[in-house]
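Since the structure comes first, as structure tokens, the remarks are kept for the end.
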Amino acid sequence: KQEVTQIPAALSVPEGENLVLNCSFTDSAIYNLQWFRQDPGKGLTSLLLIQSSQREQTSGRLNASLDKSSGRSTLYIAASQPGDSATYLCAVRYFGTASKLTFGTGTRLQVTL
Amino acid sequence: GAGVSQSPSNKVTEKGKDVELRCDPISGHTALYWYRQSLGQGLEFLIYFQGNSAPDKSGLPSDRFSAERTGGSVSTLTIQRTQQEDSAVYLCASSLVRGGQETQYFGPGTRLLVL
Chain A
1 KQEVTQIPAA LSVPEGENLV LNCSFTDSAI YNLQWFRQDP GKGLTSLLLI
51 QSSQREQTSG RLNASLDKSS GRSTLYIAAS QPGDSATYLC AVRYFGTASK
101 LTFGTGTRLQ VTL
Chain B
114 GAGVSQSPSN KVTEKGKDVE LRCDPISGHT ALYWYRQSLG QGLEFLIYFQ
164 GNSAPDKSGL PSDRFSAERT GGSVSTLTIQ RTQQEDSAVY LCASSLVRGG
214 QETQYFGPGT RLLVL
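Chains as they are written, first to last, in our numbering: chain A, 1 to 113; chain B, 114 to 228.
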């Protein structure tokens with residue numbers, strides 16, 4: 001079964017800290033992997049998309065890495081801010097599954113003052 | 114421009130009633146997806162429309178669920194004879210493939226509560 005797992009389920013850090021969110025997937029035959037942010041009562045916002053041929057993508061304070069052989073991706077957030085507080089979701093598009101995304105259950109991040 | 118919109122934003126219904134959820138995708142986007150997010154669970158794929166192709170219904174949990182997309186734009190997800198386990202947030206997304214890459218843009222969701 002193609003599954004996506006995120007650890008930890010919840011994380012609280014003080015403002016200014018660097019942090020890493022983890023995502024693991026059971027099948028290495030992926031087309032791409034995407035990180036989303038979900039704010040309460042709102043839809044998902046795409047943060048970074050990594051194609052299977054890539055090892056990392058960067059956008060501002062965010063850096064996402066991909067290691068297909070080990071079935072892992074990490075989202076690194078530098079110098080965290082209270083505005084980063086949200087739920088972060090990892091989603092994988094597997095080959096042979098049309099365009100649907102398989103999502104992890106998310107990591108709920110709280111950045112405190 | 115406007116993003117993906119969904120209506121209603123919240124819906125409370127009684128067990129056994131039918132409900133219709135609406136999604137207005139971004140203009141020009143050819144692909145449309147429905148997902149469900151239950152409490153404590155990840156997003157679950159329900160159905161996918163791409164242009165004029167037959168939809169991928171592989172994620173629909175039962176025959177009480179159906180969806181249509183009229184004129185390649187607006188989509189309606191219908192749940193018949195609702196059950197309490199149908200309570201969830203229903204999210205719609207649309208996308209456009211560019212340069213071999215596809216990013217899905219999500220609406221705010223419809224929160225469904227079945228009493």
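The beta-carbon is built from N, C-alpha and C at its ideal position, and this holds for glycine as well.
Notebook entry, point to check: With distances taken from CA atoms, which of A:19, A:28, A:69 and A:76 is nearest residue 48 of chain A?
Noted result: Closest by C-alpha distance to residue 48 of chain A, out of A:19, A:28, A:69 and A:76, is A:76.
Next item on the list: From the DSSP output, in three-state form, read off residue 183 of chain B for me.
Entry: Reduced to three states, the DSSP call for residue 183 of chain B is helix.
Note to self: Taking 7 angstroms as the threshold (beta carbon to beta carbon), is residue 159 of chain B in contact with chain A?
What the structure shows: Residue 159 of chain B has a beta carbon lying at 7 angstroms or more from every beta carbon in chain A.
Next item on the list: List the endpoints of the continuous beta strand (DSSP E) containing residue 124 of chain B.
Entry: Its beta strand (DSSP E) spans residues 123 to 126.
Next item on the list: Assign residue 67 of chain A to one of three DSSP states: helix, strand, or coil.
Entry: In the structure shown, residue 67 of chain A sits in a strand (DSSP, three-state: E or B).
Notebook entry, point to check: Roughly how many angstroms separate the alpha carbons of residue 160 of chain B and residue 172 of chain B, rounded to a whole number?
Noted result: Our two residues, residue 160 of chain B and residue 172 of chain B, have alpha carbons roughly 6 angstroms apart in a direct line.
Next item on the list: Would you mind telling me which residues of chain A sit closer than 8 angstroms to residue 204 of chain B, beta carbon to beta carbon, in chain order?
Entry: Neighbours of residue 204 of chain B on chain A, chain order: 43 and 44.
Notebook entry, point to check: Any C-beta of chain A sitting closer than 7 angstroms to the C-beta of residue 141 of chain B?
Noted result: Answer no: the Cβ-Cβ gap between residue 141 of chain B and chain A never drops below 7 angstroms.
Notebook entry, point to check: Can you find a C-beta in chain B that's less than 7 angstroms from the C-beta of residue 100 of chain A?
Noted result: Among the CB atoms of chain B, one or more fall inside 7 angstroms of the CB of residue 100 of chain A.
Check: Is it true that the segment 124 to 135 of chain B meets the segment 190 to 203 of chain B, where meeting means three or more beta-carbon pairs spaced less than 8 angstroms apart?
Finding: The segment 124 to 135 of chain B vs the segment 190 to 203 of chain B: in contact.
Check: residue 137 of chain B by DSSP, collapsed to three states: which one?
Finding: Strand at residue 137 of chain B.
Notebook entry, point to check: Among B:220, B:177 and B:195, which one has its Cα closest to the Cα of residue 38 of chain A?
Noted result: Considering only B:220, B:177 and B:195, the residue with the shortest C-alpha distance to residue 38 of chain A is B:220.
Checklist line | Candidates A:83, A:35, A:62 and A:57: closest to residue 24 of chain A by CA position | finding: The candidate whose alpha carbon is nearest that of residue 24 of chain A is A:35.
Check: Is residue 50 of chain A closer than 7 angstroms to residue 62 of chain A when the C-beta atoms are compared?
Finding: The answer is no: Cβ separation not under 7 angstroms.
Margin query: Just to confirm my understanding: we take residue 27 of chain A, look at its own chain, exclude 5 residues before and 5 after, and list those with CB closer than 7 angstroms. What are they?
Written below: The beta carbon of residue 27 of chain A is closer than 7 angstroms to those of 2 and 94 in its chain, skipping five residues each way along the sequence.
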